[in-house]
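Shown next, in C-alpha cells, is the structure this report addresses.
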Amino acid sequence: MQSSRTLAIPMALALTVGITAPLQADTLRIAIMGEPASLDPHKISGTWENDVVGDLFEGLVTEAADGTRIPGVAESWEISDDGTVYTFTLRDDAKWSDGKPVTANDFVFAFQRILTPATAADYAYLLYPIKNAADVYGGEADVSTLGVEALDTKTLQVTLERSTPYFLDQLSHYTAYPVPSHVVETYGNEWSRPINMVSNGAFQLQEWQSQTRITATRNPYFHDADNVALDEVVYFPIEERNTALNRFRAGEIHIARDFPTHQYDWLMDNLPEAVQVAPYLGIYYYAFNARDGHATADPRVREALSLAVRRDVITDQILGTGEQPAYSFVPPSVNHYSAPTASFTELSQEERLQRAHELLQEAGYGPDNPLELMLRYNTSEDHRKVAIAIAAMWKPLGVEVDLYNAEVAVHYSDIRQGDFDVARAGWIGDYNDAQNFLSLLESDVSNNYGAYSSPEFDTLMNEAANTQDMDARAELMAEAEAIALEDSATLPIYYYVSRNLVSPDLVGWESTIEDIHRSRWIRFDH
Amino acid sequence: MLSYTLKRILQAIPTLWVVITLSFFLMHLAPGGPFDGERQLPPEIEANLMASYGLDKPVWEQYFTYMGNLLQGDLGPSFKYKDFSVTELVAQGFPVSLELGLWAISLALLIGIPLGVIAALKRNSSVDYMVMGTALAGVAIPNFVIAPMLALVFGVFLAWLPVGGWNDGHWKNLVLPVVALSIQQIAYIARMMRASMIEVLGSHFIRTARAKGLSESEVIFRHALRPAMLPVISYLGPAIAGIITGSVVIEQIFGIPGIGRYFVQAALNRDYTLVMGTVVFYGGLIVLFNLIVDLLYSALDPQIRYDNE
C-alpha cells in the first residue's frame, strides 16, 4: 500500500537524525463510501466525492477543522449594504498545482461553466442565488449575463438576485470551486483525468484507479502548504460498511467515513476511542400525501398519525446509534435558527394517543370505517424496521397499513407521481441554513413530495427571503415552520447523525455538523 | 470443425441481437430513471441532463442510435461514472475479474474433481460421506457468509492476509477472495463428478475394460475419467463465463475493482449504457464459452463429431 517514494523521505530522515520515526506517518488512508462519479467539481452531487474533491480544490471560502467558514482563495471581501454585491480580493499566493496563479477569471470561467446548459451539472441550482443564474441554466439568458465579473486578475465581483445570508457558506461548496481555465480549455472533458488535472487545494491528484483507490499528494503550490502535515492521502472507495470496518480493524485504513449501525455496541465496547458519532445536518421523515383523494389530505388525520409515533422508541430501540427524536423539520443544530417544536411534545404518551383517537373519530374513522394507508419506503433494512415499527404504533388507532418497498429510483419516481399516502423520505442539508429545509414545504417545489401547500407558510418564507436582518429572518422562518408543524405537514422522525471511525493516532479531526473534514487539518500524532 | 465453428459464430449474431434488443427495451420499461433519487432535480436541470445523454428522444430512436454506436464498438458514456466510458470501465474491471475467476475455477477443478472421483470410488464409505457432507455445506453456505468469515479470521484475528483491496493483484490480496469464490464451485464440481463417475463406472464399456483384465487405475484414468468429465465440462461453459465476469458479493466484500458489481449497481442506478455494456459483454462471453465447451466435447467424447454435419 505504502509507496516507496513516501517511505523514502521519513526513512532517510530517521537514519540521518538517528531517531525512529513511524514509517507510515505521512500517508493518510481513508475509506470513502462510494466510487466518485467524477472528480470534476461540476459533475458531482454526492457526499463522498466531497471528501476527495474538497482536498483537491479550494473555494473563495473554505472550511476550518471545526467546520466554521474561513477565507480560502479570497483573503477578504466586502458586501454591499443591500447584501447583493460581493467583492472578493483574491490572495496573491493562490496558485494552481502547476504554479500558475489562480485568477478572478478562473472563478468567472467556473461559474459560467457549471451554469452552461451543455455542462449538464446536476447540482448547478445551488448557485441560483447569483443574478441570472437560473435563466442562464435554463437557456433563457446568455452566459455573459451571469452576475459574476472579474474586475481585475485578483478582484472578483458577484452580484446576487437578492440578499442571500447563506451565500458565503455556499461558496465553500464544491459547486463554487474554481476550475483551471487554461487546463479545461486545453483538454475539455478530459481535464479531470489524473494526467491532466491541475487543482488549487492542499493536495493534487496523482492517480485514480477506478473502484480501487485515488491517490493525492501535497500540493507544494498551496498557499498554506507549510502547515499541511500529510504527504499523501489515499482514498479507498468501499461501499460495504462491514468491509470498511474490517479494514479499519486490520489497520489498513485510518478513517472510515461510516460504519455499520448494528456494530455500534460492539464498537463502543471494543474501539470506543475510534468511534465518532455527531449530530448531522439531516432529517429522516415521512411525507404525508396532501393531494385530494388521500386520507392524509385531512390535517386531523396527519396530526393523529404524528401523535401516535413514539420517536424515542425508534431512535433508542431500533436505531440506537445516537440519533435524536425529531419534533421539528429543521434539525436543531442549524446555524442561526431555533426551530419550534410540535406542540404535542408536552403531552404524555397516553394523552397523545387519546388525542389521536379523538382526531381520527372527528375525521370519520373508527372501527366501522378503519383508516387504510399505503406506506412506501425505499429498500433498506433500517427503513424496513422503522416502517414496521410505525405501522405497529398506528395499529392501536385502528389504522391498517399496507407496506410497499422499492429500490430507491422506483421509490422516488412513485412518490413523485403522488402514488402513496405516507412515504419515507430524508433530506441532508445542501448548506447550513433553515431555508434549505423549509423550502421543501413551499407550494409547487419539486421535492415537496406530499404537495403540502399553505399560503401563510409561503408568504412567511417569501418575507424571510426578502429580509436581510438575520434575527428577523430567523423569526419569520420559525413562524413558518410553526405553521407547518401545526398542520402536521410531514412526520419528522429523527435527526441524522454522522458516523466515523477515526484512528486514535490522528490529530486534528473534529466533528462537524456537515460531516466535512478536510485532510489539510489532519496529522499523525508522533 | 472450422466450418462448424464459423456456423456457430454466425448463429450467435441473431441470439445476441435478441438479447440486446430485449434488454434495451426492458430496461427502459423499468420504472424510475437514472436521475430519480432522494434529491429531485429542478425540471430545467433534469431536462439538460436528459438532453445531454439523448434520453429526451423517443425510445426507438435511442435504440437505433445505440445499435449504430454498438456496431462501431462504442458502448457510450456511463451515466453514473462520468469520467469514464463504459468501454473503459469494462476494460479496467474485466482483467481483474478474469484473473480472480481463473484462479478460482482452477482451484475448484483441482480440488473438486479428485474429491468427486475419490467419493465415487469409495462410495458409501465414511470418506464418501465426509466429502459429500462437506460439499453439501459448501453449496448450502452462501458466499456472503463465507467471505466475511474468512476476512475476519485470516485478516483481522490472525492478521495473515489483507482484509480487502486489490493491490494490483498481489498474491496476498488474491488468496481470500479466490478461496471464497471457489468454495461453492468445488462443492458443485465434486458432487457432479461423483455422480457422473458412479454412472460411468456402472456402464458396459467399463465392465468390458475390467473383463479384459486392465488394472483398476488404468480403468479409471484411461477409460472412466474422460466420459465422466463431460457433465463437468458442460457445466464449466456458463460457470466460467459467470465466474470471470465477477461476483458482486465477493467484489463488494473484499473491495475488488472487478466488473461484477456493475451488473447490480448499473441496474439499480438505471445507468442505461452501463447496463447494456454488461449485457453485451456477458452475452458475448456466454456464447463464446458455450462454443468452446461444445468443441471440447468432441475432443473428449469420440461419439461426438461435428465435421460431418
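Chains as they are written, first to last, in UniProt numbering: chain A, 1 to 526; chain B, 1 to 309.
Every residue gets a Cβ at the ideal spot worked out from N, C-alpha and C, and that includes glycine.
Check your understanding: Hey, quick one: how far does the beta strand (DSSP E) through T217 of chain A stretch, first residue to last?
Key -> By one-based count along the first sequence, residue 217 of chain A stands at place 217. Looking at the DSSP string, the run of the beta strand (DSSP E) that includes T217 of chain A is R213 to R218.
In this structure, does DSSP put residue 545 of chain A in helix, strand or coil?
Outside the displayed span of chain A (1 to 526) sits residue 545 of chain A, for which this structure offers no information.
**OP:** Just confirm the distance between the C-beta atoms of D382 of chain A and M33 of chain A, as a whole number of angstroms; I'd bet it's less than 8 Å.
**Re:** As a working mapping, residue 382 of chain A is identified with position 382 in the first sequence. As a working mapping, residue 33 of chain A is identified with position 33 in the first sequence. Rounded, the Cβ-Cβ distance is 15 Å, inconsistent with contact.
Check your understanding: Excluding sequence positions up to five away, which residues of its chain have a Cβ less than 8 Å from the Cβ of K95 of chain A?
Key -> Position 95 of the first sequence, counted from the start, is the residue given in the question as residue 95 of chain A. So the list reads P101, V102, N200, Y221, F222 and H223, once near-sequence residues are dropped.
Which chain B residues sit within Cβ distance under 7 Å of T212 of chain A?
-> Within the first sequence, residue 212 of chain A is the residue found at index 212, counting from 1. Within chain B, the residues near T212 of chain A are W166 and P257.
Whole-number beta carbon distance between L373 of chain A and A304 of chain A, since they are thought to touch under 8 Å: Locating residue 304 of chain A in the first sequence gives position 304, counting from the first residue. Locating residue 373 of chain A in the first sequence gives position 373, counting from the first residue. That belief does not hold up - the Cβ atoms of A304 of chain A and L373 of chain A are roughly 11 Å apart, past 8 Å.
field: Cβ of N432 of chain A within 7 Å of any chain B Cβ
entry: Locating residue 432 of chain A in the first sequence gives position 432, where the first residue counts as 1. Not closer than 7 Å to any Cβ of chain B, the Cβ of N432 of chain A fails to qualify, so no.
*asked:* Let me see if you follow: with CB-CB separation under 7 Å, is R194 of chain B close to chain A or not?
replied: As a first step, residue 194 of chain B must be located in the second sequence, where it is residue number 194. It does not; no Cβ of chain A falls within 7 Å.
Legend entry - DSSP state of G426 of chain A mapped onto helix, strand, coil: Within the first sequence, residue 426 of chain A is the residue found at index 426, counting from 1. If DSSP states are grouped into helix, strand and coil, G426 of chain A belongs with the strands.
Practice prompt. Would you decide whether L60 of chain A is buried or exposed? Buried here means 16 or more other CB atoms lie within 10 Å of its CB.
Written response: Sequence index remark: in the first sequence, residue 60 of chain A carries index 60 (1-based). Classification of L60 of chain A: buried, given that the 10 Å Cβ count is 16 or more.
Quiz item: Which same chain residues, not among the five before or five after F35 of chain B, have their C-beta less than 7 Å away from its C-beta?
Solution: For the purposes of this step, residue 35 of chain B is identified with residue 35 of the second sequence, where counting begins at 1. For F35 of chain B, where only same-chain residues beyond five positions count, the Cβ hits under 7 Å are L41, E46 and L49.
_Quick check on D421 of chain A: buried or exposed, where buried means 16 or more other Cβ atoms within 10 Å of its Cβ?_
On the first sequence, position 421 is the one that residue 421 of chain A refers to. Classification of D421 of chain A: buried, given that the 10 Å Cβ count is 16 or more.
Along the stretch 239-269 of chain A, where does the CB come closer than 8 Å to a CB of chain B? Name the residues.
E239, E240, N242, T243, N246, R247, R249, A250 and E252
Check your understanding: Which of the three DSSP states, helix, strand or coil, is assigned to Y285 of chain A?
Key -> Here the question's residue 285 of chain A lines up with position 285 in the first sequence. Of the three classes helix, strand and coil, the one that applies to Y285 of chain A here is strand, per DSSP.
query = To the nearest angstrom, how far is it from the Cα of K385 of chain A to the Cα of L28 of chain A?
reply = Within the first sequence, numbered from 1, the residue matching residue 385 of chain A stands at position 385. Within the first sequence, numbered from 1, the residue matching residue 28 of chain A stands at position 28. Rounded to whole angstroms, K385 of chain A to L28 of chain A spans 36 Å at the Cα level.
Does DSSP put E372 of chain A in a helix, a strand or coil? Numbered from 1 along the first sequence, position 372 holds the residue referred to as residue 372 of chain A. Strand at E372 of chain A.
Worksheet item: Can you list, in chain order, the residues of the stretch 434-448 of chain A whose Cβ is nearer than 8 Å to any Cβ on chain B?
Response: S446 and N447
ask   = Which residue spans inside the stretch 191-279 of chain B form an unbroken beta strand (DSSP E) run of at least 3?
value = none
Residue(s) in a DSSP beta bridge with W521 of chain A: Residue 521 of chain A sits at position 521 when you count from the first residue of the first sequence. Bridge partners of W521 of chain A: none, in fact.
Quick check on the DSSP output: the beta strand (DSSP E) that includes Y494 of chain A runs from which residue to which? Counting from one through the first sequence, the residue named residue 494 of chain A turns up at place 494. Looking at the DSSP string, the run of the beta strand (DSSP E) that includes Y494 of chain A is T490 to V502.
request  = Within its chain, find whatever has a CB closer than 7 Å to the CB of H294 of chain A; leave out the 5 residues flanking it on each side and keep chain order.
outcome  = For the purposes of this step, residue 294 of chain A is identified with residue 294 of the first sequence, where counting begins at 1. For H294 of chain A, where only same-chain residues beyond five positions count, the Cβ hits under 7 Å are D421.
Practice item. Keeping to the same chain, check which residues put their C-beta closer than 6 Å to that of I101 of chain B; ignore five residues upstream and five downstream. Key: Along the second sequence, read from residue 1 onward, the residue named residue 101 of chain B stands at position 101. In the sequence under discussion, the amino acid at residue 101 of chain B is Gly, which differs from the Ile named in the question. For G101 of chain B, where only same-chain residues beyond five positions count, the Cβ hits under 6 Å are I243 and I244.
Since E407 of chain A meets chain B, which of its residues come closer than 7 Å, beta carbon to beta carbon?
Your numbering for residue 407 of chain A matches position 407 in the first sequence. Under the 7 Å cutoff, chain B gives L268.
My understanding is that R210 of chain B touches V219 of chain B, with C-beta atoms under 8 Å, so please give their C-beta distance in whole angstroms.
Taking the first residue of the second sequence as 1, we reach residue 210 of chain B at position 210. Taking the first residue of the second sequence as 1, we reach residue 219 of chain B at position 219. The pair is a contact, with the Cβ atoms about 6 Å apart (cut-off 8 Å).
Short check: CB of A150 of chain A to CB of A104 of chain A, under 7 Å? Mapped onto the first sequence, residue 150 of chain A falls at position 150. Mapped onto the first sequence, residue 104 of chain A falls at position 104. In contact: A150 of chain A and A104 of chain A (Cβ atoms closer than 7 Å).
Using a Cβ cut-off of 7 Å (strictly closer), state whether A387 of chain A contacts chain B.
Reading the first sequence from its first residue, position 387 is the one you call residue 387 of chain A. So, not an interface residue.
Alpha-carbon to alpha-carbon, D122 of chain A and F182 of chain B: On the second sequence, position 182 is the one that residue 182 of chain B refers to. On the first sequence, position 122 is the one that residue 122 of chain A refers to. Per the sequence shown, residue 182 of chain B should be read as Ser rather than Phe. For S182 of chain B and D122 of chain A, the distance between alpha carbons rounds to 42 Å.
*Determine, using beta carbons only, whether A239 of chain B comes closer than 7 Å to chain A.*
Locating residue 239 of chain B in the second sequence gives position 239, where the first residue counts as 1. With 7 Å as the cut-off, A239 of chain B does not count as an interface residue toward chain A.
Endpoints, beta strand (DSSP E) assigned at E58 of chain A = For this step, residue 58 of chain A is matched to residue 58 along the first sequence. Neither: E58 of chain A is in no beta strand (DSSP E) and is coded neither H nor E.
- Regarding L181 of chain B and the ligand SAM, is the C-beta to nearest heavy atom distance less than 6 Å? Of the ligands one can find in the structure shown there are none, so the ligand SAM has no counterpart to examine.
Checklist entry - At a Cβ threshold of 7 Å, is E99 of chain B touching chain A? => result Numbered from its first residue, the second sequence carries residue 99 of chain B at position 99. With 7 Å as the cut-off, E99 of chain B does not count as an interface residue toward chain A.
Could you check whether the Cβ of P114 of chain B sits closer than 7 Å to any Cβ belonging to chain A? For this step, residue 114 of chain B is matched to residue 114 along the second sequence. It does not; no Cβ of chain A falls within 7 Å.
query: Which two residues bound the contiguous beta strand (DSSP E) that contains F30 of chain A?
result: One-based indexing of the first sequence puts residue 30 of chain A at position 30. The displayed chain sequence assigns Ile, not Phe, to residue 30 of chain A. First-last of the beta strand (DSSP E) with I30 of chain A: T27 to I32.
Fill in: Backbone CA spacing between L13 of chain A and A225 of chain A [nearest angstrom]
The sequence position of residue 13 of chain A within the first sequence is 13, counting from 1. The sequence position of residue 225 of chain A within the first sequence is 225, counting from 1. Low confidence applies here, because L13 of chain A scores a pLDDT of 40, under 50, leaving its location unreliable and the question unanswered by this model.
(message) Using a 10 Å radius around the Cβ and a threshold of 16 neighbouring Cβ atoms, would you call I9 of chain B buried or exposed?
(response) As a first step, residue 9 of chain B must be located in the second sequence, where it is residue number 9. Exposed, by the Cβ-count rule.
Exercise. Taking only runs that begin and end inside the stretch 14-102 of chain B, name each unbroken alpha helix (DSSP H) of 4 or more residues, in chain order.
Key: 43-52 and 59-71
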